[in-house]
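Each remark here refers to the structure printed beneath this line.
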Amino acid sequence: MMLPDERKLIVDIGKQILANGLAHDGQGNISIYNRQQGYIAITPSGVPYEKRQPEDICVVTLDGKRVEGKWQPTSEHALHYAFYKKRADVNAVLHTHAKYSTVFSITGKESMPVVLAEAGMLLGGPVPVAPYARPGTDAVGEVTVKAANGGRAAIMANHGLVTVADELDRALKVSVAVEEMAHAIVLASSLSASPAEIEANEAKILAAMYDLHVSINQRKS
Numbered sequence: 645m646m647l648p649d650e651r652k653l654i655v656d657i658g659k660q661i662l663a664n665g666l667a668h669d670g671q672g673n674i675s676i677y678n679r680q681q682g683y684i685a686i687t688p689s690g691v692p693y694e695k696r697q698p699e700d701i702c703v704v705t706l707d708g709k710r711v712e713g714k715w716q717p718t719s720e721h722a723l724h725y726a727f728y729k730k731r732a733d734v735n736a737v738l739h740t741h742a743k744y745s746t747v748f749s750i751t752g753k754e755s756m757p758v759v760l761a762e763a764g765m766l767l768g769g770p771v772p773v774a775p776y777a778r779p780g781t782d783a784v785g786e787v788t789v790k791a792a793n794g795g796r797a798a799i800m801a802n803h804g805l806v807t808v809a810d811e812l813d814r815a816l817k818v819s820v821a822v823e824e825m826a827h828a829i830v831l832a833s834s835l836s837a838s839p840a841e842i843e844a845n846e847a848k849i850l851a852a853m854y855d856l857h858v859s860i861n862q863r864k865s
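Per the numbering used here, the very first residue in the sequence shown carries number 645; after that it's consecutive.
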């Protein structure tokens, strides 16, 4: 089986997505790009998370040719390919319909502010909202990559959340952090309170601190 480790990890992360309330049934999609081998492991269409096995995960090329797997890849494949083509730092893409993050997709706001320190560490700045584009089209990938602007997350207008990282585990951490922050903002708004934002420069410092911590731990391991 091609990309066995990547396919198993995608199945495991899918279960964590459910456990964290970021999606249900088969909502959203996940992929990992093995740049060394030149292949992408990506979730299939129509197979619920709890029923997926590693062999259900599709293996495709960057131009979308399916090379292994019995199912068709997610209809949102263009979103994933766009990030891999435009961002050399991205090896994992995670798209969910996290409910509180999705609230921001329908508000007309340009971004979700950073209001929690932990989210600042993972994000380094606000989460932009990409203009609406029809799901499953090349356009949704183009506008989302542009909106992300080198960052780790973007919200797709009238759609949901996408996070990207060098590793899938980190993309999941970013998704959880964004959703927790969105939840906090929604709760604060319900109390007619304006959330106190973390200044842009401080968010960058927090992200640099986190990256340094990760780098040190990687060198020790």
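No residue lacks a Cβ here, since even glycine has one placed at the ideal position from N, Cα and C.
- State buried or exposed for residue 817, treating a residue as buried only when at least 16 other CB atoms are found within 10 Å of its CB. buried
- Message: Going by DSSP, what residue range makes up the beta strand (DSSP E) through residue 711?
- Response: Where residue 711 is concerned, the enclosing beta strand (DSSP E) stretches over 710–712.
- Task: May I ask you to list the residues that DSSP assigns as paired with residue 755?
- Result: 772
- Query: Can you tell me the Cα-Cα spacing of residue 842 and residue 646, whole angstroms?
  - Reply: 44 Å
- Query: How big is the Cα-Cα spacing for residue 758 and residue 806?
  - Reply: Each residue's CA atom was taken as its position, placing residue 758 and residue 806 some 16 Å apart.
- Reference residue 814; option with closest CA among 734, 789 and 688: If we check each option's Cα against that of residue 814, 734 comes out closest.
- Message: Would you call the stretch 760–778 in contact with the stretch 688–701, where contact means no fewer than 3 C-beta pairs closer than 8 Å?
- Response: Segments in contact, no.
- Span of the alpha helix (DSSP H) around residue 739: No alpha helix (DSSP H) holds residue 739; the beta strand (DSSP E) holding it covers 736–740.
- Item | Where the beta strand (DSSP E) through residue 676 begins and ends | Per DSSP, residue 676 is one residue of the beta strand (DSSP E) stretching across 673–678.
- Task: Return the chain-ordered ranges of every alpha helix (DSSP H) run that is complete within the stretch 685–732 and spans a minimum of 4 residues.
- Result: The stretch 685–732 contains these whole alpha helix (DSSP H) runs: 721–730.
- Query: Can you tell me whether residue 679 is buried or exposed, with buried defined as 16 or more other CB within 10 angstroms of its CB?
  - Reply: exposed
- Continuous beta strand (DSSP E) stretch holding residue 800: start and end: 797–800
- Message: Per DSSP, what are the beta-bridge partners of residue 808 in this structure?
- Response: 737
- Message: Can you find the residues in the same chain that come closer than 7 Å, C-beta to C-beta, to residue 832, ignoring five residues on each side of it along the sequence?
- Response: 839
- Task: Kindly indicate the opening and closing residues of the alpha helix (DSSP H) around residue 658.
- Result: 648–663
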